[in-house]
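Undergrad: Before I ask anything, let me first share the structure, which is written out below as structure tokens.
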Amino acid sequence: MRTDQPGPLSAALREGRLAPRAGVDRAAFADVPAPTRDGIVAIADETLGTPWPQPTLTHWRAYLREGSRLAWEEPYFARRHRLHATALALALTGDADRYADELLDGVWLLAEETTWCLPAHDDLALGPERVVPDPARPYLDLFAAETAATLAWIRCLHADLFATVPGTAERVTAEIRRRVLDPFRTDGPGYPWFGAPMNWNPWIISNVIAAALLTDDDPAPIVAAAVRSLDAYLDGVPGDGGCPEGISYWWHSGARLFEALELLGVPAAVWSTPLIHRIARFPLTAHLGGEWSASFGDGAARVPHAHGRARKDHLSPALLHRYGRAVGDDEITAFARASRGDDPLTTLPSPMGRAIAALTDPVWRDAAPRTFPAPPVQWLPETQVASLRGGALHLIAKAGHNDEPHNHNDVGSFVLAVHGEPVVVDAGTGVYDRDSFGPDRYRAWFTRSAFHSVPEIDGHEQRPGPGFAARYVRLAGRTFTLDLAGAYPPEAGIESLRRTFTVDDDLVTLTDAWRLDHRPQRIRLRLLLRDDHRAVRIALPGHVRPRTEHLDLTDPQLHAVWGDRLTLMTLDVTAPAVTGEVTIRFTPGRAAT
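Quick note on full-length UniProt numbering: the sequence shown kicks off at 1 and runs consecutively.
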């Protein structure tokens with residue numbers, strides 16, 4: 001990161017080529033199609049008139065006592081989702097008699113909260129002298145910033161309603177300033193996320209920009225600091241546009257960058273920057289088919305519809321459509337429209353500004369249905385992710401290293417889909433808790449290499465850290481090769497462990513060839529499979545002994561993505577030698593009945 005050096009956004013600001021703006025076209029809500037309108041109204045009506053969720057001190061302390069994040073986060077996010085739906089329902093129907101009191105109550109509840117920060121993020125509350133949030137020392141995290149933007153958008157959208165209750169708009173503005181804008185103005189560069197090449201930077205910055213433009217009398221200093229942070233983000237992320245944090249986080253990293261650039265009113269020269277264009281294409285590279293994507297790192301393979309706790313898992317075809325238009329890429333707009341299918345303009349829950357933009361974009365509203373013929377080969381040379389298609393099969397494999405943001409020990413791992421449905425899978429992540437980002441992170445099975453379809457030598461798994469990385473990575477046509485030896489500890493005694501993927505029509509061939517410095521006792525490969533994996537045939541060589549076992553998924557997040565269980569296929573090499581190889585062939589199988 002080089003936060004002290006001017007980047008393209010800082011240069012554009014200095015030269016007067018930015019046109020920061022934020023607002024709402026209130027009249028455009030009248031043109032929202034009935035199915036979208038009715039769906040949002042139905043969500044708002046589900047909780048209308050019922051008691052609002054109430055986060056308590058006991059909920060807050062659950063994180064410090066037991067490591068549970070859900071105790072606080074469930075009522076915290078339930079409030080916000082309810083407020084979003086109510087604000088949109090009022091805009092769509094104009095029915096103030098039905099929704100006005102509900103909306104103002106929700107706004108007031110958020111204004112009255114002691115903190116907008118999550119206990120897992122509140123560094124000031126986690127010191128030895130304090131175990132409760134201090135309203136005099138607000139900490140600017142992801143959701144403090146998002147709450148500020150939510151209230152700012154609602155104040156703008158319903159300014160007429162706020163005017164009928166004098167003092168409400170002023171209270172909202174004061175809380176936004178005290179909790180978010182003032183801390184950013186006075187100490188923005190002092191936060192660890194400022195300028196960082198990961199999701200916290202654009203996620204917070206985009207919301208800070210929105211809140212400042214919508215509520216602050218002098219947003220220029222805030223915009224200038226925000227631009228510096230975004231320039232550093234662009235300076236630090238992979239030059240191929242990849243998102244090592246996983247597809248779920250792209251929607252709060254690359255997508256948040258786009259929202260910030262929209263708010264800043266950047267000129268065409270910025271949109272034509274190759275990196276900004278490449279970032280827009282990452283969802284295409286990660287896509288397997290339908291609702292499924294590759295779930296490397298802490299990504300989820302699909303939005304877990306039945307699991308309301310997974311707040312980070314949100315996608316917006318409407319946003320991607322605007323991003324594609326901004327960078328002039330018809331493939332992106334086609335993919336976005338194909339992803340929408342017959343769905344409404346937007347789904348809830350959604351960030352407030354993101355939902356408003358989707359509902360009031362006439363180009364998105366009127367976009368004709370599209371199909372998207374996915375490219376047969378997509379390659380991110382810096383992120384080291386290859387997407388290869390052959391007939392009904394689609395392989396996405398990665399090299400990389402084991403110190404990526406939201407890292408799993410997964411160098412050389414892969415996912416395989418048949419007709420767009422994943423069959424060899426990466427589980428993704430479970431519900432976050434206190435251990436998720438601490439020294440015990442790799443005690444969770446879904447972060448370990450043993451559950452990422454890579455080899456294990458004499459019980460040695462891959463290790464975390466930047467030095468544990470792939471070597472000799474190469475893509476030639478539809479053949480992807482890499483050496484995994486560097487991802488394992490020295491005591492594993494691996495001189496080389498060459499993995500080769502070759503994709504042909506309806507055939508994926510995986511070959512692992514090794515050379516060790518000793519005669520091994522055990523060489524093992526595990527494949528993590530969908531529980532009903534009949535859609536793929538797996539042909540094994542004679543010197544491999546398979547066995548399968550079920551992994552029951554009790555974690556709510558994993559269960560919502562995959563169902564009751566996954567299947568772990570363990571492949572043991574019989575009489576392993578100092579050198580050797582295993583070749584596995586995957587072909588389409590029969591569909592599940």
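Glycine included, every Cβ here is placed at the ideal spot set by N, Cα and C.
Remember, it's a predicted structure, so these values are computed and weren't measured experimentally.
Tell me ASP433's beta-bridge partners as DSSP assigns them.
TA: Translated into positions along the sequence shown, residue 433 becomes position 433. In DSSP, ASP433 forms a bridge with SER68.
Undergrad: Which residue marks the beginning of the alpha helix (DSSP H) containing GLU259, and which one marks its end?
TA: Counted from its first residue, the sequence shown places residue 259 at position 259. Unbroken alpha helix (DSSP H) run through GLU259: 254 to 264.
Undergrad: Could you tell me the alpha carbon to alpha carbon distance between ASP231 and SER272, rounded to whole angstroms?
TA: Position 231 of the sequence shown holds residue 231. Position 272 of the sequence shown holds residue 272. One C-alpha to the other measures close to 15 Å.
Undergrad: Please state whether DSSP places MET569 in a helix, a strand or coil.
TA: As a first step, residue 569 must be located in the sequence shown, where it is residue number 569. Residue state, collapsed to three classes: strand.
Undergrad: From the DSSP output, which residues share a beta bridge with VAL424?
TA: Here residue 424 refers to the residue found at position 424 of the sequence shown. LEU416 and LEU529, per the DSSP bridge assignment.
Undergrad: Taking the straight line between their C-alpha atoms, what separation do you get for ARG278 and TRP251?
TA: For the purposes of this step, residue 278 is identified with residue 278 of the sequence shown, where counting begins at 1. For the purposes of this step, residue 251 is identified with residue 251 of the sequence shown, where counting begins at 1. Those two C-alpha atoms are separated by around 14 Å.
Undergrad: For the beta strand (DSSP E) holding PHE468, just list the boundary residues, first then last.
TA: The sequence position of residue 468 within the sequence shown is 468, counting from 1. Taken as a continuous stretch (DSSP letters only), the beta strand (DSSP E) holding PHE468 covers 465 to 469.
Undergrad: Let me confirm a value: ASP545 is counted as buried when at least 16 other C-beta atoms fall within 10 Å, else exposed. Which label applies?
TA: For the purposes of this step, residue 545 is taken as residue 545 along the sequence shown, with counting starting at 1. Note that residue 545 is Arg in the sequence shown here, rather than Asp. Exposed, by the Cβ-count rule.
Undergrad: Does DSSP put GLN384 in a helix, in a strand, or in coil?
TA: Residue numbering aside, residue 384 sits at position 384 when the sequence shown is read from its first letter. Correct three-state label for GLN384: coil.
Undergrad: Using a Cβ-Cβ cut-off of 6 Å (strictly less than) and excluding sequence neighbours within five positions of PHE451, which residues of its own chain qualify?
TA: By one-based count along the sequence shown, residue 451 stands at place 451. Contacts found: TRP445 and LEU528.
Undergrad: Count the C-beta pairs between the region 403 to 422 and the region 295 to 305 that are closer than 8 Å, then say yes if the count reaches three, no if not.
TA: Touching, yes, given that three or more Cβ pairs across the two stretches are closer than 8 Å.
Undergrad: In terms of residues, what are the limits of the beta strand (DSSP E) holding ALA498?
TA: As a first step, residue 498 must be located in the sequence shown, where it is residue number 498. With the sequence shown as reference, residue 498 is identified as Arg, and Ala is not the correct amino acid for it. Per DSSP, ARG498 belongs to the beta strand (DSSP E) from 494 to 504.
Undergrad: Starting from the C-beta of residue 595, find all residues in its chain whose C-beta is less than 6 Å away, skip the five residues before and the five after it, and write them out in chain order.
TA: Residue coverage of the chain in this structure runs from 1 to 593, which leaves residue 595 outside it and unanswerable.
Undergrad: Indicate whether the contact test is met: 3 or more Cβ pairs, each with one atom in the region 251 to 261 and one in the region 320 to 333, closer than 8 Å.
TA: Judged by Cβ distances under 8 Å, the region 251 to 261 makes contact with the region 320 to 333, as three or more pairs qualify.
Undergrad: Is the CB-CB distance between ARG478 and PRO376 below 9 Å?
TA: For the purposes of this step, residue 478 is taken as residue 478 along the sequence shown, with counting starting at 1. For the purposes of this step, residue 376 is taken as residue 376 along the sequence shown, with counting starting at 1. It is a contact, given that the beta carbons lie within the stated cut-off.
Undergrad: May I have the straight-line CA-CA distance separating GLY438 from THR429, to the nearest angstrom?
TA: Locating residue 438 in the sequence shown gives position 438, counting from the first residue. Locating residue 429 in the sequence shown gives position 429, counting from the first residue. Near 15 Å, if we compare the C-alpha coordinates of THR429 and GLY438.
Undergrad: Assuming GLY289 is part of the beta strand (DSSP E), what are its boundary residues?
TA: Numbered from its first residue, the sequence shown carries residue 289 at position 289. 287 to 289 is the extent of the beta strand (DSSP E) around GLY289.
Undergrad: Counting along the chain, where does the beta strand (DSSP E) carrying ARG17 start and finish?
TA: Taking the first residue of the sequence shown as position 1, residue 17 is located at position 17. Neither: ARG17 is in no beta strand (DSSP E) and is coded neither H nor E.
Undergrad: Does the distance from the C-beta atom of ARG69 to that of VAL131 stay below 9 Å?
TA: Position 69 of the sequence shown, counted from the first residue, corresponds to residue 69. Position 131 of the sequence shown, counted from the first residue, corresponds to residue 131. Result no, Cβ atoms of ARG69 and VAL131 do not sit closer than 9 Å.
Undergrad: From ALA145 to TRP153, what does the alpha carbon distance come to, in whole angstroms?
TA: Here residue 145 refers to the residue found at position 145 of the sequence shown. Here residue 153 refers to the residue found at position 153 of the sequence shown. Looking at the two C-alpha atoms, the distance is approximately 12 Å.
Undergrad: With 16 other CB atoms within 10 Å as the buried threshold, where does VAL424 fall?
TA: Translated into the one-based positions of the sequence shown, residue 424 becomes position 424. Buried.
Undergrad: Spatial neighbours of ASP361 within its chain, please: CB distance less than 7 Å, with the 5 preceding and 5 following residues excluded, ordered by chain position.
TA: Along the sequence shown, one-based indexing puts residue 361 at 361. Counting only Cβ-Cβ distances below 7 Å, and skipping sequence neighbours, we find ALA318 and ARG322.
Undergrad: May I ask you to report which of helix, strand or coil DSSP gives THR115?
TA: Against the sequence shown, residue 115 aligns to sequence position 115. Note: THR115 maps to coil in three-state DSSP.
Undergrad: Going by the beta-carbon positions, is the gap between LEU388 and PHE480 smaller than 9 Å?
TA: The residue given as residue 388 occupies position 388 in the sequence shown. The residue given as residue 480 occupies position 480 in the sequence shown. Contact flag set, yes.
Undergrad: Rounded to a whole number of angstroms, what is the C-alpha to C-alpha distance between LEU161 and LEU92?
TA: Sequence index remark: in the sequence shown, residue 161 carries index 161 (1-based). Sequence index remark: in the sequence shown, residue 92 carries index 92 (1-based). For LEU161 and LEU92, the distance between alpha carbons rounds to 14 Å.
Undergrad: DSSP three-state label for LEU284, please.
TA: By 1-based counting over the sequence shown, the position of residue 284 is 284. Helix at LEU284.
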